[in-house]
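See structure below.
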Amino acid sequence: MAKRIQFSRTGGPEVLDYVDVEPRVPEPGEVCVRNEAVGLNFIDIYFRTGLYPAPSLPSGLGTEGAGIVDAVGEGVSHLREGDRVAYAQGPLGAYAEYHTLPADKVVALPDDVDVETAAGSMLKGLTVQYLLRQTYPLEGGETILFHAAAGGVGSIACQWARELGVKLIGTVSSKEKADLAKANGAWATIDYTQEDVVERVRELTQGEMCDVVYDSVGKDTWETSLDCLKKRALMVSFGNASGPVEGVNIGILNQKGSLFVTRPSLNGYADTRERLEMMANDLFDMLESGKVKVDIAQRYALSDAGKAQDSLAARKTTGSTILLP
Ligand SMILES: NC(=O)c1ccc[n+]([C@@H]2O[C@H](COP(=O)([O-])OP(=O)(O)OC[C@H]3O[C@@H](n4cnc5c(N)ncnc54)[C@H](OP(=O)(O)O)[C@@H]3O)[C@@H](O)[C@H]2O)c1
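Residue numbering for the sequence shown follows this note's numbering, beginning at 1168 and increasing consecutively.
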């Protein structure tokens, strides 16, 4: 038997149970990973609350982890028992000592990337990879607005943007978070609890505004974000930390300056083995070269997953959070 977190109904952290299960023997094309560290992500909260429906209940939770391949199903050629690996996609169930998932979602870790770094950056770092390198292929010289700049995704984005020569303006809710985002390479920060975001962006850009806004906050920031863009610029809405953006009249894109908008997801970008490998190699290059450092600012026991989620939802965390089985 092994431990995992599962939920049988949606709701608050109290719906998370820490239970014994028999690790599933991998079927053809699958591997079973013995997790050494599990990544905590906002999307886990969306599944727990029901904002994103789990395919069935009871359900495991979580999609990001790193550890050692424990068993390999038939037909898997790129992984062997004992390999150090990480993953960020696939069926819910990463909050567990053992997780069985399709092998094509699992990548081998380079020697220089430790499992905690991998668990704290696979989902968040691959997200930054597609946001900055694919959704809008930044070349350097652009000015972008990135919300939640001291968070898990945001901390990696600040460093990657600096490396690309992009001026990242990060929004944050406190001075401590502003300092952290700056230390990570944000060109400027805006504390939205004290300052008017649109006016500050106008000042900082001398009226030019931004080439791209990356907005993972959703409902609360949608219109502010549109107001921070240049004409014909791109709004990337990639999360719902404050709730989903709903009931949008598409005419607003005309009123705010012939804007473009996209609502991307990691699964929409890392949708083939080739694309996942390309993106993971790009991320690993950034990690191995030290250009991106992953700040594991919080560690929790797997059994305390509910507490960890509470902190994330209450904006109390910075950088990445991992759960330790
Ligand atoms: N589409 C994708 O592919 C994809 C992939 C990964 C993550 N995401 C999204 O990216 C976002 C960041 O994920 P993460 O796991 O790295 O989390 P995180 O950024 O570490 O934590 C969320 C942060 O959002 C900010 N925030 C603003 N309004 C909030 C509210 N009403 N409730 C809670 N937080 C609020 C807080 O920072 P301040 O205190 O500074 O405001 C908070 O720390 C999430 O929205 C997530 O869903 C999307």
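Just so you know, even glycine gets a beta-carbon here, dropped at the ideal spot from N, CA and C.
Next on the checklist: Suppose you measure from the CA of residue 1360 to the CA of residue 1340; what does that come to, to the nearest Å?
Outcome noted: 6 Å
Next on the checklist: Measuring alpha carbon to alpha carbon, tell me which residue in 1189, 1219 and 1171 is nearest residue 1411.
Outcome noted: Distances from the CA of residue 1411 to each of 1189, 1219 and 1171 were compared; the closest alpha carbon is that of 1219.
Next on the checklist: Restricting to Cα atoms, I'd like to know which of 1225, 1406 and 1429 is closest to residue 1417.
Outcome noted: 1429
Checklist entry - Can you give the Cα-Cα distance for residue 1402 and residue 1251, rounded to whole angstroms? => result For residue 1402 and residue 1251, the distance between alpha carbons rounds to 37 Å.
Checklist entry - Mind checking whether residue 1364 and residue 1325 have CB atoms under 8 Å apart? => result no
Next on the checklist: Can you list, in chain order, the residues of its chain with a C-beta nearer than 6 Å to that of residue 1292? Leave out the 5 residues immediately preceding and following it.
Outcome noted: 1323 and 1450
Next on the checklist: By alpha-carbon positions, which one of 1448, 1441, 1275 and 1194 ends up nearest to residue 1235?
Outcome noted: 1275
Checklist entry - Should residue 1272 be listed as close to ligand 1, given that the test is whether its C-beta is under 7 Å from any heavy atom? => result no
Checklist entry - What separation, rounded to the nearest whole angstrom, lies between the Cα atoms of residue 1442 and residue 1301? => result 11 Å
Next on the checklist: I'd like to confirm the pairing. Which residues does DSSP put opposite residue 1206 in its beta bridges?
Outcome noted: In the DSSP output, where bridge partners are listed per residue, residue 1206 has 1489.
Next on the checklist: On the CB-based measure, 16 or more other CB atoms within 10 Å of its CB, does residue 1168 come out buried or exposed?
Outcome noted: exposed
Checklist entry - Could you give the C-beta distance for residue 1357 and residue 1338, rounded to a whole number, given that I count them as a contact under 8 Å? => result 5 Å
Checklist entry - Helix, strand or coil for residue 1302 per DSSP? => result Three-state DSSP puts residue 1302 in a helix.
Item to check | Sequence-distant residues of the same chain with beta carbon closer than 6 Å to residue 1409, five excluded per side | outcome: Here the set comprises 1384, 1385, 1386 and 1387.
Item to check | Best match in 1174, 1488, 1474 and 1204 for proximity to residue 1253 [C-alpha to C-alpha] | outcome: 1204
Next on the checklist: Could you check whether the Cβ of residue 1208 sits closer than 7 Å to any heavy atom belonging to ligand 1?
Outcome noted: yes
Next on the checklist: Which residues does DSSP list as the beta-bridge partners of residue 1404?
Outcome noted: 1382
Item to check | Closer than 7 Å: residue 1474 CB and nearest ligand 1 heavy atom | outcome: no
Item to check | N- and C-terminal bounds of the beta strand (DSSP E) containing residue 1350 | outcome: From DSSP, residue 1350 is part of no beta strand (DSSP E) but of the alpha helix (DSSP H) over 1342–1350.
Checklist entry - Which residues bound the alpha helix (DSSP H) around residue 1357? => result Premise fails: residue 1357 lies in the beta strand (DSSP E), 1355–1358, not in any alpha helix (DSSP H).
Item to check | Cut-off 6 Å between Cβ atoms - residues of its own chain near residue 1237, not counting five sequence neighbours on either side | outcome: 1199 and 1201
Item to check | Inter-residue Cα distance where the pair is residue 1493 and residue 1172 | outcome: No answer is possible for residue 1493: it lies beyond the span of the chain, which begins at 1168 and ends at 1492.
Next on the checklist: Considering only heavy atoms of ligand 1, does any lie closer than 7 Å to the CB of residue 1380?
Outcome noted: no
Checklist entry - Between residue 1378 and residue 1440, what straight-line distance do the alpha-carbon atoms span, to the nearest angstrom? => result 31 Å
Item to check | Between the CA atoms of residue 1346 and residue 1150 - distance to the nearest angstrom | outcome: The requested residue 1150 is not part of the displayed model; the chain covers only 1168 to 1492.
Checklist entry - Is the beta carbon of residue 1316 less than 8 Å from the beta carbon of residue 1348? => result yes
Item to check | Backbone CA spacing between residue 1318 and residue 1462 [nearest angstrom] | outcome: The straight-line gap from Cα to Cα measures roughly 10 Å.
Checklist entry - Going along the chain, which unbroken runs of the alpha helix (DSSP H) with 4 or more residues stay wholly within the stretch 1388–1436? => result Whole alpha helix (DSSP H) segments, 4+ residues: 1389–1394, 1418–1422 and 1433–1436.
Item to check | Cut-off 6 Å between Cβ atoms - residues of its own chain near residue 1465, not counting five sequence neighbours on either side | outcome: Excluding sequence positions up to five before and after residue 1465, its CB lies within less than 6 Å of the CB of 1484 and 1488, all in the same chain and listed in chain order.
Next on the checklist: For ligand 1, I want to know if residue 1291 counts as a neighbour, meaning its beta carbon is within less than 7 Å of at least one of the ligand's heavy atoms.
Outcome noted: yes
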